[in-house]
Amino acid sequence: MTFQDLVFTLQHFWASQGCLIQQPLDVEVGAGTSHPETLLRVLGSTPWNVAYIQPSRRPDDGRFGQNPNRLFKHHQLQVILKPSPDEVQQIYLDSLEAVGINPRHHDIRFEEDNWESPTLGAWGIGWQVMLDGTEITQFTYFQQVGGMDLSPISCEITYGMERLAMFLQKVDNVFDMAWGGGKTYGEVRLREEVEQSKYAFNQGTGIDAERYSSFHRQQFDENYKFGEELLKANLILPALEHCLKCSHLFNLLDSSGSVGVTERMAYILRVRQLALTICQAYAGEGTGIDGQGSGRRS
Amino acid sequence: MDRDLLLEIGMEEIPASWLPALTIQIGNVFEATLKEARLSTDEPIETFSTPRRLTVRSAKIAERQTDLEELVTGPPVAAAFAADGTLTPAGAGFVKKQGATDEQIEQVTTPRGAYIAVRKHQRGKAAVDVLPDVLTAVLRGMSFPKQMRWDAILNDGKGDLPFGRPIRWLLYLYGGRVVPYSIGRSPLATSSRVQEVIAGSSTYGHRFLTTTGRPGRAVKVKHFDDYRRRLAEHFVILDRSERHDRIARELDAEARRRGGRIARSLVGQGMLDEVPDLVEYPVVASGTFSDEFLKLPEEVLTTTMIHHQHFFPVNSDQGKLLPVFLAVLNMEPDHPEVVSRNMERVLAARLRDAQFFYQSDRQQCLAEHAARLDSVLFHKKIGTYLQKSERVSARAGHIASKVLKTPQAEPFAREAGQLCKADLATDMVRELTELQGTMGGIYARADGRPEQVWKAIYFHYLPVGVEPTAPPVREQLGQAAVSWAAVALADKLDTLTSMFAAGERPTGSRDPYGLRRAAQGVVRIMVDLPELTGLDLRLTLGHLVEAQPDEAFWSFMIDRVRYLLEQRGYDPRNVRAVTHGDPAGVSPLVAKRKLEALPEFTESEDFKQLAGLFKRVRNIARNLDANAPELGGTLVDGAEVALAREVARLAPVIDAAVSSGAGYRQAFAEAAKAGPAVAKFFDDVMVMTDDVKLRDARLRLLRRLEGLILQLADVSEIVPEEK
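For the protein sequence lines, the chains are H and C, in the order given. Using this note's numbering, you'd call the opening residue of the first sequence number 95 and step up by one each time. Using this note's numbering, you'd call the opening residue of the second sequence number 11 and step up by one each time.
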């Protein structure tokens with residue numbers, strides 16, 4: 095099964111389970127959790143079932159295309175089921191069968207692995223799903239987001255798509271994996287990995303460290319300030335996007351070694367502060383993401 | 011007639027590390043709840059668990075609650091009756107509320123006066139009517155290391171039912187019949203896909219294995235034996251010990267088949283103890299990895315296998331690591347070789363990563379890695395690991411030369427202290443955090459640093475365990491024993507004192523910086539110093555901590571000393587007796603030696619006499635103003651002269667024991683003999699006489715006795731508690 099067939103099959107599967115299929119957030123994020131379809135939808139009581147692919151950028155994981163398992167950017171398939179159905183584990187296992195993983199032929203385990211994102215004031219209880227010793231999915235019952243207790247509880251299922259595709263194709267190097275259309279993952283993405291890694295670590299770029307650092311700091315400050323202004327104007331979604339940009343800019347400053355220890359902590363706390371305020375503002379509105387009932391957006 | 015009770019709480023996968031304690035807990039909670047509910051049982055309660063179930067079984071539960079005989083107390087007699095002997099409104103109200111008649115009124119006398127009361131007899135209800143409340147109490151009574159909300163509610167008025175993991179089914183049988191029960195779901199979640207959990211007579215077998223049709227179907231059971239048998243048919247081994255034995259047996263057989271044996275010393279008991287709680291139907295599989303990885307340090311290979319993959323390493327008969335691993339599956343796969351290939355691929359990928367980290371770390375020497383610690387934060391109020399390394403280095407040097415009195419170890423201790431945190435800046439430790447310390451030691455050795463240095467780094471996070479056999483042992487430490495002890499003490503003490511100064515104190519179960527463990531490590535080294543290093547030094551906490559931390563620090567430390575000694579099996583009262591007074595002056599090693607001698611005496615009559623009177627000695631001696639000049643009075647009474655003689659006899663024996671650190675046995679024996687003399691003194695002598703000079707002399711005698719005995723122990727702690 096090619097990478098793209100895996101995407102199609104899982105999207106199809108979750109659509110048949112009543113999920114609407116959303117598209118990735120077009121802002122740089124480190125995980126599908128940051129997408130408003132997760133971060134904001136799990137707040138409040140409106141039921142919501144959604145699945146989407148999220149390209150996830152983790153500057154610190156960049157390996158210049160040289161590591162067979164680790165990437166600057168990987169793809170997650172993120173599923174949110176709100177409320178979490180009683181049969182959720184079985185439904186998940188059915189999704190594995192749908193992509194050709196017969197549980198009779200493998201050792202599938204749910205191993206304790208809780209999730210926490212201090213920056214989003216979020217945590218959950220759950221497992222990593224191990225398939226013959228490979229972690230292929232993170233399974234989380236969200237308990238808090240934005241520092242607020244959730245009710246009802248949402249279940250988040252996050253598939254590591256590269257891992258799963260490599261497993262299915264029995265390849266040891268991610269760049270050898272078949273993407274589809276006769277192309278390998280390397281043909282599609284290797285150059286991007288090399289260049290993005292150089293950028294993330296500011297290695298071999300010839301760009302002065304001071305210049306690199308000041309550009310990103312400035313971007314951070316501008317986005318942060320503007321995010322706060324947007325929030326004041328009650329534009330929660332645009333404010334969230336600017337907050338996420340800050341988070342990514344901080345990750346770049348961190349991976350390139352541009353922030354010292356104390357400063358690092360301060361950056362994290364600033365992002366957290368903004369993210370929490372955004373989540374709380376959204377929850378406080380008591381309306382859905384479509385804004386119906388608020389009368390502020392049409 | 012007594013009947014069999016069976017409860018199974020079916021859950022989503024429970025963390026393996028919780029299971030052993032939960033299995034005990036549910037039995038205790040259940041037993042306590044039955045008692046509270048007045049349901050008697052003659053048979054012990056049995057409990058079982060697998061990753062997906064907690065099971066309680068009691069072979070004989072009474073069919074009815076025992077009857078309740080109760081005396082309900084009302085208002086005071088004075089308030090219940092008017093002057094003419096008729097009931098007041100308060101009295102009448104009470105009688106009416108209890109559904110009693112005036113004839114039933116009794117009077118009870120309490121320390122607070124006389125009250126009216128009514129005797130009530132309540133006939134026990136049928137067990138089947140009480141058992142639902144029992145389950146509610148059990149569900150509410152369970153506690154978990156971390157609990158979650160899962161949209162569950164109980165209709166006991168308390169609402170939300172948080173639990174360890176979501177409950178997916180309940181099997182609740184009494185005498186073969188289902189006890190009606192259900193767990194409700196919050197209105198916000200309830201839908202066709204979120205439903206009440208209703209107790210029934212069905213269990214569920216293995217997730218994937220089945221002999222008949224589709225797995226995961228409900229399996230009806232009649233009673234406990236049927237339950238256990240049906241589970242076995244559906245690939246669930248209910249008995250943990252049966253799973254454990256099967257795993258141990260199959261691992262050994264598979265290792266043999268692969269030409270070696272399980273590397274038990276590497277695996278430790280930990281993983282063998284954990285695996286039975288990860289599986290319902292264990293099957294052992296094995297695989298291999300490429301010989302080229304055997305060039306990696308053994309610690310890297312085994313950590314990758316054990317901590318990251320839960321694989322068991324295999325040694326040859328000569329104790330050399332083989333390129334083989336074993337794994338315990340929760341599955342009997344149709345094609346085991348497919349699973350093996352997949353596991354081999356994961357392991358190879360991990361080992362390739364490790365190989366890459368090892369090679370890239372080795373591009374720089376450990377000192378260069380250490381320099382980068384200025385960007386690794388230890389604690390935001392305390393500073394970076396570079397700063398910590400410098401403090402540890404200075405402190406370790408001081409401890410080696412001044413405290414451990416081994417000046418030749420000082421340079422090694424300083425060097426190791428400076429480098430001990432360097433591996434935190436390496437790729438390997440960033441990936442495999444379990445290897446902190448170990449990796450630093452390996453890199454220091456590769457840099458050509460001497461054993462006194464690299465081993466001090468390698469073992470400096472140890473000891474962790476409190477038992478005398480917990481690693482490291484003397485043979486492992488070799489020439490590094492003293493430099494290791496200096497660095498291990500310095501690192502832990504630095505963490506403790508700086509964290510306390512920053513206000514980071516452990517509270518209740520919260521100890522995010524592992525301060526209790528660090529303190530126990532310190533105490534452990536002090537207690538076992540002769541065995542670990544060959545140095546017979548009676549270190550006190552005051553020797554090691556020169557600056558004056560606050561009260562909280564000392565009481566925390568003395569608690570850890572007591573904890574360790576109690577863990578070693580010494581009587582808590584004796585432990586308190588030998589760790590009395592100023593915590594800075596307590597030597598854990600001396601305390602241990604006294605404890606080894608003490609139990610021989612604590613039961614003797616003379617000793618009990620001394621112990622019983624010692625509190626009185628202390629209380630009276632307190633009347634002496636320590637700064638007042640001696641008045642030169644002369645003891646006159648026979649009993650006091652005799653006691654003075656006893657004290658004079660005791661003094662050299664106790665002083666000798668205390669100054670040599672040996673002979674506590676003899677000292678306790680001699681001290682015990684003073685018991686009768688002390689008793690006679692208190693019988694015959696009135697200390698607080700009006701004769702000021704005589705009183706002064708008597709107080710000084712008691713003060714001297716007190717001082718002597720306290721050098722051994724505060725024996726008043728050993729008096730049996732009064733019943």
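Glycine residues also receive a C-beta, built at the ideal position from the N, C-alpha and C atoms. As the structure is a prediction and not an experimental result, all values here were calculated from the model.
Segment contact: the region 234–249 of chain C against the region 207–221 of chain H, fewer than three CB-CB distances shorter than 8 Å; contact not assigned. Between C:Gly329 and the set C:His320, C:Ser350, C:Gly270, the nearest pair of CA atoms involves C:Gly270. The beta-carbon of C:Asp344 is placed less than 7 Å from the nearest beta-carbon of chain H. In this structure, the beta-carbon distance from C:Ile19 to C:Ile177 falls below 7 Å.
Bounds of the beta strand (DSSP E) holding C:Asp14 are 13–21.
With the criterion set as a beta carbon lying under 8 Å from some beta carbon of chain C, the members of the region 352–365 of chain H are Gly354, Val355, Thr356, Arg358, Met359, in sequence order.
DSSP lists no bridge partner for H:Asn208. Look at the region 187–200 of chain C: the residues with a C-beta under 7 Å from a C-beta of chain H are Ser196, Leu198, Ala199. Rounded to whole angstroms, the gap between the alpha carbons of C:Arg129 and C:Thr119 is 14 Å.
Within the region 22–38 of chain C, the residues whose Cβ lies closer than 9 Å to any Cβ of chain H are, in chain order, Glu22, Glu23, Ile24, Pro25, Ala26, Ser27, Trp28. In the DSSP assignment, C:Leu361 falls within the unbroken alpha helix (DSSP H) covering 346–371. Closer than 7 Å to the CB of C:Val348 there is at least one CB belonging to chain H. The DSSP assignment places complete alpha helix (DSSP H) segments of no fewer than 4 residues inside the region 270–312 of chain H at 279–295, in order along the chain. Within 10 angstroms of the beta-carbon of H:Asp180 lie 16 or more other beta-carbons, which makes it buried.
Nearest to H:Gly241 by C-alpha distance, out of H:Gln367, H:Leu100, H:Cys113, H:Phe107, is H:Gln367.
In the structure shown, H:Gln222 falls within a strand segment according to DSSP collapsed to helix, strand and coil. Here C:Gly174 carries a coil assignment [DSSP, helix/strand/coil].
With its beta carbon less than 7 Å from one in chain C, H:Asp226 belongs to the interface. Not a single unbroken stretch of the beta strand (DSSP E) spanning 3 or more residues falls wholly within the region 469–517 of chain C.
DSSP places H:Phe233 inside the beta strand (DSSP E), whose first and last residues are 228–239.
For C:Ser212, the enclosing beta strand (DSSP E) covers residues 212–214. Taking a contact as a CB-CB distance under 8 Å, the pair C:Val571 and C:Thr507 does not count as one, their CB atoms being some 16 Å apart.
Within chain H, the C-beta atoms nearer than 9 Å to that of C:Met353 come from Asp201, Asp226, Gly227, Thr228, in chain order. Counted as a single uninterrupted DSSP element, the beta strand (DSSP E) harbouring H:Trp142 occupies residues 142–151. C:Tyr471 and C:Leu219 have their C-alpha atoms spaced approximately 44 Å apart.
C:Lys230 is bridged by DSSP to C:Ser212.
With contacts defined by Cβ atoms closer than 7 Å, C:Phe303 and C:Ile272 do not form a contacting pair.
Here DSSP, grouped into helix, strand and coil, assigns H:His129 to coil. Under the rule that a run must span 3 or more residues, the beta strand (DSSP E) segments found entirely inside the region 41–97 of chain C read 55–60, 63–71, 78–86. For C:Lys703, the uninterrupted alpha helix (DSSP H) run begins and ends at 702–722, by DSSP. Under the Cβ distance rule, C:Phe218 counts among the residues neighbouring chain H, one pair being separated by less than 7 Å.
For C:Arg714, same chain residues with a beta-carbon under 6 Å away, outside a window of 5 residues either side, are Val657 in chain order. As a beta-bridge residue in DSSP terms, H:Cys249 pairs with H:Leu175, H:Tyr235. Contact of C:Ala228 with chain H is not assigned, every C-beta pair being separated by 7 Å or more. The beta-carbon separation of C:Asn340 and C:Pro292, rounded to 7 Å, stays under the 8 Å limit for a contact.
Per DSSP, C:Asp139 has no beta bridge partner at all.
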